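In mature numbering (1 follows the signal peptide of the UniProt record, and there is no 0), the protein residues as written are -31 to -1, 1 to 356.
Set out below in structure tokens:
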């Protein structure tokens, strides 16, 4: 008998507990998730282990990554670190670790100070996936700025007369375009073999977290970036394009590896990053900012809808009753955009158990606290139905 049937036949309070347990041990990927590398394997201070499938894909699609050499020279393994983005995840999952790529010498456990740490897929299903639309998201924090540093990419040289790979997210080592030095630059080859790019035209600053989302459909491309505070901002875009190839794919098909921590150029691996990189997700749909991985503007978010200085089940009930296309903070609008929706619920979840100011200051609730919030929400739903 399936877990679903078991849950359906149990009393309401048992269903609540069953759902809580299921949620505590599994992250149900949305239908659009193709790959999601969370970098949560750890522990902090440990390098990526040797062997295949060591950097796990939490989407459930088996698109795991690995490093080239962990225990022997040239030591390409990145190091797990507890330094993570200050923004909460929209899913409510705890973000405990990221991966530190680049110089981080600890004696015979890494590259000894060079720049050659990276992860890549090796023969995984995503390498032959045809994307008719795509959203690529990640968070990164540069340890140092200088030279060309790729934080994400796909290997290959599909155009014989061009050294450009299918796609690459790069911190440029020059001031192209528009004389902006060391900017974030995303370059890709569309399904027809044409090369395009989007750029922020803003210098990336070392030591600061950036949250990036590239969205690409058959006609439109957008580059969104959020810092440590503030909303996702549209930095560059192309509209009215013809990106889809004969098979509908918007990125040129090449059955090569996806990479984190480096890129490719002229069919060679290169442009390693000295950066912390986390929460890398690829979706086969064009997502909108209220669907992106991170909940932005924490300083302006308030899940305490009844203003009693505690975010608890009573606030969830207000959100539940106020859900809809119009609202205020008193009716469940936590992010101040005039709509009571799932984004507001994510903020409530991230703040559950304390005053909103605690989360705004950088405190992120533990998984157990989030689980208590889910249970409280479920029990409140039971009470409201009985009235």
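Idealized CB from N, CA, C, for every residue including glycine. If you're wondering where the values come from, they're calculated on a predicted model, not measured in any experiment.
task: Specify whether the stretch 123 to 136 and the stretch 158 to 178 touch according to this definition: at least 3 beta carbon pairs, one from each stretch, less than 8 Å apart.
output: Flag = yes, the stretch 123 to 136 and the stretch 158 to 178 touch.
message: Please classify residue 265 as buried or exposed, where buried requires at least 16 neighbouring CB atoms within 10 angstroms.
response: buried
- request: Determine the burial state of residue 281: buried for a count of at least 16 other Cβ atoms within 10 Å of its Cβ, exposed for fewer.
  value: buried
field: residue 317 vs residue 288 beta-carbon contact at 8 Å
entry: yes
message: Do residue 173 and residue 181 count as a contact pair if the criterion is CB distance below 8 Å?
response: no
message: Below 8 Å on the Cβ atoms is my contact criterion, and I expect residue 211 with residue 192 to pass it. Report the Cβ-Cβ distance as a whole number of Å.
response: Residue 211 to residue 192, Cβ: 19 Å. No contact.
query: Do you know offhand how far residue 207's Cα is from residue 24's?
result: 33 Å
- prompt: Between which two residues does the alpha helix (DSSP H) harbouring residue 283 extend?
  reply: 282 to 291
message: Buried or exposed for residue 380, going by 16 or more other Cβ atoms inside 10 Å?
response: With the chain represented from -31 up to 356, any question about residue 380 goes unanswered, as that position is not in the structure.
- request: Just tell me which of 131, 32 and 64 has its CA closest to the CA of residue 88.
  value: 32
query: Residue range of the beta strand (DSSP E) that residue 314 falls in?
result: Not the beta strand (DSSP E): residue 314 falls in the alpha helix (DSSP H), residues 311 to 320.
Identity of the residues DSSP links to residue 58 by a beta bridge: Partner(s): 263.
task: Confirm, please, whether the CB-CB distance from residue 107 to residue 248 is below 8 Å.
output: yes
Whole-angstrom C-beta distance between residue 26 and residue 4, which should lie under 8 Å: The C-beta separation of residue 4 from residue 26 comes to about 5 Å, placing the pair in contact by the 8 Å criterion.
- prompt: To the nearest angstrom, how far is it from the Cα of residue 41 to the Cα of residue 235?
  reply: 27 Å
- request: Give the secondary structure of residue 74 by DSSP, where H, G and I count as helix, E and B as strand, and everything else as coil.
  value: Because residue 74 sits at a pLDDT of 46, beneath the cut-off of 50, its placement in the model cannot be relied upon, and the point is left open.
task: Return the chain-ordered list of same chain residues with a C-beta closer than 6 Å to the C-beta of residue 150, the five sequence neighbours on each side being excluded.
output: 144 and 172
field: Nearest candidate by alpha-carbon position, reference residue 189, set 254, 22 and 301
entry: 254
- prompt: With a Cβ-Cβ cutoff of 8 Å, do residue 93 and residue 217 count as a contact?
  reply: Note that the C-beta distance between residue 93 and residue 217 is not below 8 Å.
query: Three-state secondary structure (DSSP) at residue 64?
result: coil
field: Simplified DSSP state of residue 95, which is helix, strand or coil
entry: helix
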